[in-house]
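Novice: I have a structure here, written as structure tokens, and I will follow up with some questions on it.
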Amino acid sequence: MILVALGANLPGSWGSPKQGLEAALGQFPTYGLKVEMASPFYQTPAVTPYAQPDFVNAVACISTALAPSDLLKRLHRIEAAFGRVRGQRWAERTLDLDLIDYNGLVLPESGGNGPILPHPRVAERAFVLGPLVDIAPGWRHPVLGASAKELFEVLPKEDRQGLKQLTSGSKG
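Put into structure tokens, the structure is as follows:
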């Protein structure tokens with residue numbers, strides 16, 4: 003299972019952050035990424051050290067022939083095509099695509115470069131785990147061994163309650 007988290011809290015030429023995420027998912031096939039399933043969209047508070055607009059978040063299960071490092075580069079290309087400018091950490095953004103898991107791989111191997119898998123903060127993020135529970139509640143964290151549902155349920159109550167579902171999900 004290949005999992006990609008999507009987020010945005012700035013509008014772009016396509017409209018609102020939600021419309022931007024919908025457009026990004028619609029563009030995945032042109033980048034060699036097949037969307038097998040997508041979670042509902044959620045409005046979530048920004049988790050940053052300073053005030054900024056709420057995010058819209060989702061998780062997609064995709065398939066691709068790309069290797070993890072090539073997939074990460076492709077995700078960065080999609081972000082750039084949607085106006086993402088990489089700079090300050092935790093900055094507002096038109097599109098954020100995070101590779102959460104790639105078929106259970108744990109990377110990097112000792113001393114290696116490239117993507118870090120599973121995403122190092124997935125177990126702490128309600129805005130990833132909530133949508134993930136909608137499409138793959140039984141997904142298991144490759145290092146911790148806990149399911150998405152188990153990880154979500156141990157998050158602080160205020161984090162879990164901060165998720166506001168905006169739409170229903172879809173199957174590819």
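This note's numbering applies: residue 3 is where the sequence shown begins, and numbers increase by one. Think of the CB as a built atom: it goes at the ideal place given N, C-alpha and C, for glycine as much as any other residue.
#1: Buried or exposed: LEU146, going by 16 or more other Cβ atoms within 10 Å of its Cβ?
#2: Who are the near neighbours of GLY85 in its chain, counting only those whose CB is closer than 6 Å to its CB and skipping five residues on each side?
#3: Tell me whether the beta-carbon of TYR33 lies closer than 9 Å to the beta-carbon of ARG76.
#4: Scan the segment 5-38 and note each continuous alpha helix (DSSP H) run of 4 residues or more that stays entirely inside, going in chain order.
#5: Does the segment 164-171 come close enough to the segment 40-59 to have 3 or more Cβ pairs within less than 8 Å?
#6: Please determine, among ALA25, MET3, ASP103, the residue with the shortest C-alpha to C-alpha distance to ARG123.
#7: If contacts are defined as beta-carbon pairs under 8 Å, then PRO139 and ASN59 qualify, I think. What distance do you get, rounded to the angstrom?
Specialist: In terms of the structure at hand:
#1: Taking the first residue of the sequence shown as 1, we reach residue 146 at position 144. Residue environment for LEU146: exposed (fewer than 16 other C-beta atoms within 10 angstroms of its C-beta).
#2: If you number the sequence shown from 1, residue 85 lands on position 83. Around GLY85, the same chain offers GLY14, THR96 as residues with beta carbons nearer than 6 Å, after the five sequence neighbours per side are excluded.
#3: In the sequence shown, residue 33 corresponds to position 31, counting from 1. In the sequence shown, residue 76 corresponds to position 74, counting from 1. Taking 9 Å as the Cβ cut-off, TYR33 and ARG76 qualify as a contacting pair.
#4: The segment 5-38 contains these whole alpha helix (DSSP H) runs: 19-29.
#5: Segments in contact, yes.
#6: In the sequence shown, residue 123 corresponds to position 121, counting from 1. That would be ASP103, whose Cα lies nearest to the Cα of ARG123.
#7: Position 137 of the sequence shown holds residue 139. Position 57 of the sequence shown holds residue 59. Under the criterion of beta carbons closer than 8 Å, PRO139 and ASN59 do not qualify as touching, at roughly 17 Å.
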